[in-house]
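Below is one structure, written out as structure tokens; comments come after it.
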Amino acid sequence: MRSTPTAAQGAAARIPAQPGPRGEDSGGSAQAAPAAGEADPQDGPVAAAPGEAVSAGAGPVSRPGERATVRLRDADPDEPPRYAPEWLELREGADAAARAPELLDPLRIRLANLPRRVDGFVVHDLGCGTGSMGRWLAPRLDGAQHWILHDRDPYLLHFAAVGSPRSAADGSRVTVETRRGDVARLTPDALAGASLVTASALLDVLTREEVDTLAAACAGAGCPALLTLSVVGRVDLTPGDPLDAEITEAFNAHQRRGGLLGPDAVTVACEAFADHGATVRVQPSPWKLGPDESKLTAQWLRGWVGAAVEQRPELAARAQKYLAARLAACAAGELRVVVHHSDLLALARPTGGAS
Ligand SMILES: C[S@@+](CC[C@H](N)C(=O)[O-])C[C@H]1O[C@@H](n2cnc3c(N)ncnc32)[C@H](O)[C@@H]1O
Numbered sequence: 000m001r002s003t004p005t006a007a008q009g010a011a012a013r014i015p016a017q018p019g020p021r022g023e024d025s026g027g028s029a030q031a032a033p034a035a036g037e038a039d040p041q042d043g044p045v046a047a048a049p050g051e052a053v054s055a056g057a058g059p060v061s062r063p064g065e066r067a068t069v070r071l072r073d074a075d076p077d078e079p080p081r082y083a084p085e086w087l088e089l090r091e092g093a094d095a096a097a098r099a100p101e102l103l104d105p106l107r108i109r110l111a112n113l114p115r116r117v118d119g120f121v122v123h124d125l126g127c128g129t130g131s132m133g134r135w136l137a138p139r140l141d142g143a144q145h146w147i148l149h150d151r152d153p154y155l156l157h158f159a160a161v162g163s164p165r166s167a168a169d170g171s172r173v174t175v176e177t178r179r180g181d182v183a184r185l186t187p188d189a190l191a192g193a194s195l196v197t198a199s200a201l202l203d204v205l206t207r208e209e210v211d212t213l214a215a216a217c218a219g220a221g222c223p224a225l226l227t228l229s230v231v232g233r234v235d236l237t238p239g240d241p242l243d244a245e246i247t248e249a250f251n252a253h254q255r256r257g258g259l260l261g262p263d264a265v266t267v268a269c270e271a272f273a274d275h276g277a278t279v280r281v282q283p284s285p286w287k288l289g290p291d292e293s294k295l296t297a298q299w300l301r302g303w304v305g306a307a308v309e310q311r312p313e314l315a316a317r318a319q320k321y322l323a324a325r326l327a328a329c330a331a332g333e334l335r336v337v338v339h340h341s342d343l344l345a346l347a348r349p350t351g352g353a354s
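Here is the structure:
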């Protein structure tokens with residue numbers, strides 16, 4: 000069911016092993032991204048290694064030659080978490096299959112009613128990562144588009160620029176530029192002239208105040224927002240296990256740490272956009288992971304259980320056995336996982352301006 004990488008992710012856009020690009024204006028993130036808790040999705044078998052262990056805060060213990068990809072606990076707790084491009088690549092097919100197509104027609108209608116700009120629609124993709132959202136959406140919309148890709152991580156912006164789509168559904172030109180910065184502080188000015196704001200897998204790592212700032216900025220610019228793949232805190236594993244509920248609960252608590260919205264993101268965003276006068280629609284967008292997605296499932300399991308144990312260290316011993324059994328079932332093609340997400344389309348009242 001997963002789509003293969005798009006043409007836009009051709010050889011030039013392949014994500015390399017670290018180190019990343021040097022000489023970026025980043026101040027130096029030559030390291031591949033996050034560090035936290037999961038073993039490298041591109042190396043090694045997905046089956047549980049005998050004795051694979053869960054360590055609180057660090058996910059599974061890495062095997063020789065592996066490196067962490069998603070940091071759950073940074074050396075510097077003030078530094079925001081960073082995301083491994085390998086992890087974003089691994090999930091891109093599942094994300095594409097999960098995104099809610101039902102929201103596209105209302106979006107197309109809204110875009111068709113905007114004043115046409117000579118250079119086409121201007122789309123701001125917030126927290127773009129390596130640009131997965133653009134690779135999915137740009138070829139599904141007609142007309143020339145200019146994508147402004149925002150992220151705080153220059154290493155990911157580099158891959159987003161290189162791997163960006165080149166043409167729209169009707170063959171019109173798609174161009175991109177990148178902007179490094181904190182999307183949680185976006186102002187209506189920053190969105191002046193925007194036709195659309197998008198984000199994917201972002202809302203749940205923001206706070207209530209940050210989502211309200213985003214909703215205000217979209218309202219001020221009068222532009223619609225398509226905010227996809229926010230976790231909703233529900234996971235279905237088949238076959239079930241008595242520990243599923245406890246791990247889910249601990250994971251959700253971990254997601255809410257430090258005031259982040261985690262599984263409350265969609266509810267809070269609906270309220271925030273509605274309070275700013277938008278019409279809001281929500282559609283489910285679950286990952287449905289079966290034997291064909293075993294590599295992603297295994298990696299997701301390691302991160303999911305690792306975060307739960309970081310939140311509740313007393314789970315460690317039971318979680319270690321649980322993870323080993325789950326990974327073995329995954330490797331045997333006997334595990335199915337549904338990770339529930341929601342996509343949200345907010346149609347702001349048009350301002351009558353450029354946007
Ligand atoms: C889970 S990743 C999703 C990436 C991409 N949208 C995708 O769907 O593959 C979240 C992304 O948001 C970025 N991010 C999170 N908070 C941010 C912030 N406050 N300002 C800018 N970027 C942020 C991260 O660097 C990361 O690239």
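Just so it is clear: in the sequence shown, position 91 is 90 by numbering that gives the first Met the number 0, and no numbers are missing. Note that CB positions come from ideal geometry on N, CA and C, so glycine has one too.
query, result
"Limits of the alpha helix (DSSP H) - the one that R107 falls within", "L103 to A111"
"CB of L140 within 7 Å of CB of A167, strictly", "yes"
"Same chain, Cβ closer than 6 Å to V336, five either side skipped, listed in chain order", "L236, L288 and T296"
"CA nearest to the CA of P290, picked from S229, A331 and V204", "A331"
"N251 burial status per 10 Å Cβ neighbour count (16 or more: buried)", "buried"
"Nonlocal neighbours in the same chain, by C-beta distance under 7 Å from A273, ignoring five residues either side", "V279"
"In DSSP terms, what S229 is bridged to", "S341"
"Closer than 7 Å to chain C by CB, R90", "In summary, chain C is missing from the structure at hand, where a single protein chain is found."
"Uninterrupted alpha helix (DSSP H) stretches inside the segment 140-204 (no shorter than 4 residues)", "153-161"
"Span of the beta strand (DSSP E) around H275", "H275 -> no beta strand (DSSP E), and no H or E assigned at all."
"Contacts around R151, its chain only, beta-carbon distance under 6 Å, and the 5 residues preceding and following it disregarded", "D181"
"Under the three-state DSSP convention, the category T206 falls into", "strand"
"G239 CB to nearest heavy atom of ligand 1 below 6 Å", "no"
"Beta strand (DSSP E) segment containing D124, residue limits", "F120 to L125"
"Whether T227 touches S199 by CB criterion (7 Å)", "yes"
"Under 7 Å between C-beta atoms of A264 and L322", "no"
"Residue of W135, R184 and R207 minimising C-alpha distance to A216", "R184"
"Sufficient close CB pairs (3 or more, under 8 Å) joining the segment 241-259 to the segment 308-317", "yes"
"When S163, S194 and T186 are compared against D211, the one with the closest alpha-carbon", "T186"
"heavy atom of ligand 1 below 6 Å from R178 C-beta", "no"
"Which residues DSSP lists as bridging V281, in chain order", "L343"
"Simplified DSSP state of T296, which is helix, strand or coil", "helix"
"Any non-hydrogen atom of ligand 1 within 6 Å of G92 CB", "no"
"D104 versus V234: straight-line alpha-carbon distance, rounded", "28 Å"
"The segment 127-145 contacting the segment 86-99, beta-carbon criterion three pairs below 8 Å", "yes"
"G359 and S163 closer than 7 Å at C-beta", "Residue 359 is absent from the model: the chain starts at 0 and stops at 354."
"H253 to D169 span [Cα, whole Å]", "43 Å"
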